[in-house]
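Input: a single structure, listed below in structure tokens.
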């Protein structure tokens, strides 16, 4: 059986998807590795790639979309260059995360409008809260100053 390919020009990420499918298509339990690979390369999973992925691994588009929507990690829309995940768990809230989050929102609006702030419900740093992850790098015992320094470092690397 030949791997599915995307020769149609409407698939802007067709060549990348072909490479990912070629690597994972015939492996058992391939859906999550395929989705991770697409998101790792593109930054999100474009909705126009769901049907070709489904066809390649003999699943329905609804099943693929169901998996994407079930796992918080996956997204179908691009996020900003700076992606901040703010822990919403009780332990972080008890340590002042809501106040820091509000200050970060105000700072992002004026200083980094290309940033995305997203709620998450545990980063596994409960004993060291409040916690955030900036571009998947966790930060514990956060303050506005710590987050600002981290964002400045990330923005400098990207800019």
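In UniProt numbering, the protein residues as written are 1 to 159. The beta carbon of each residue, even a glycine, is placed where N, CA and C say it ideally should be. In this text the structure is predicted, and so the values were computed from the model without any measurement.
Problem - DSSP three-state assignment for residue 74, whether helix, strand or coil - result: Walking along the chain shown from the start, residue 74 turns up at place 74. Residue state, collapsed to three classes: coil.
Exercise for the section: Look at the alpha carbon of residue 33 and the alpha carbon of residue 78, and state the distance between them as a whole number of angstroms. Expected result: Taking the chain shown and counting its residues from 1, one reaches residue 33 at position 33. Taking the chain shown and counting its residues from 1, one reaches residue 78 at position 78. So the two alpha carbons sit approximately 19 Å from each other.
Handout entry: Through-space distance from residue 95 to residue 57, alpha-carbon basis
Key = The residue you call residue 57 lines up with position 57 of the chain shown. The residue you call residue 95 lines up with position 95 of the chain shown. So the alpha carbons of these two residues sit roughly 45 Å apart.
Handout entry: Same chain, Cβ closer than 6 Å to residue 104, neighbours up to 5 away in sequence not counted
Key = Working through the chain shown from its first residue, we reach residue 104 at position 104. Taken in chain order, the residues that qualify are 147.
Problem - residue 138, DSSP secondary structure in three states - result: In the chain shown, counting from the first residue as 1, residue 138 sits at position 138. Strand.
Handout entry: Alpha-carbon to alpha-carbon, residue 44 and residue 75
Key = Working through the chain shown from its first residue, we reach residue 75 at position 75. Working through the chain shown from its first residue, we reach residue 44 at position 44. The alpha-carbon atoms of residue 75 and residue 44 are separated by roughly 5 Å.
Practice task
Spell out the partners DSSP gives residue 83 in its beta bridges.
Solution key: Here residue 83 refers to the residue found at position 83 when the chain shown is read from its first residue. Beta-bridge pairing links residue 83 to 116.
Exercise for the section: Quick one: residues in its chain with C-beta nearer than 8 Å to the C-beta of residue 27, no 5 flanking neighbours on either side, listed in chain order? Expected result: Within the chain shown, residue 27 is the residue found at index 27, counting from 1. Here the set comprises 33.
Exercise for the section: Could you tell me the distance, in whole angstroms, from the CA atom of residue 99 to the CA atom of residue 93? Expected result: For the purposes of this step, residue 99 is taken as the residue at position 99 of the chain shown. For the purposes of this step, residue 93 is taken as the residue at position 93 of the chain shown. Take the alpha-carbon of residue 99 and the one of residue 93: they are about 9 Å apart.
Handout entry: Boundaries (first-last residue) of the alpha helix (DSSP H) holding residue 23
Key = If you number the chain shown from 1, residue 23 lands on position 23. From DSSP, the alpha helix (DSSP H) with residue 23 extends over 14-24.
Practice task
Assuming residue 133 and residue 140 form a contact by the criterion Cβ under 8 Å, report the distance between their Cβ atoms to the nearest whole angstrom.
Solution key: By 1-based counting over the chain shown, the position of residue 133 is 133. By 1-based counting over the chain shown, the position of residue 140 is 140. About 10 Å; that fails the 8 Å criterion.
Exercise for the section: Give a yes or no on whether the C-beta atoms belonging to residue 117 and residue 108 are separated by under 9 Å. Expected result: The count along the chain shown starts at 1 and reaches residue 117 at position 117. The count along the chain shown starts at 1 and reaches residue 108 at position 108. For the 9 Å CB-CB criterion, residue 117 and residue 108 form a contact.
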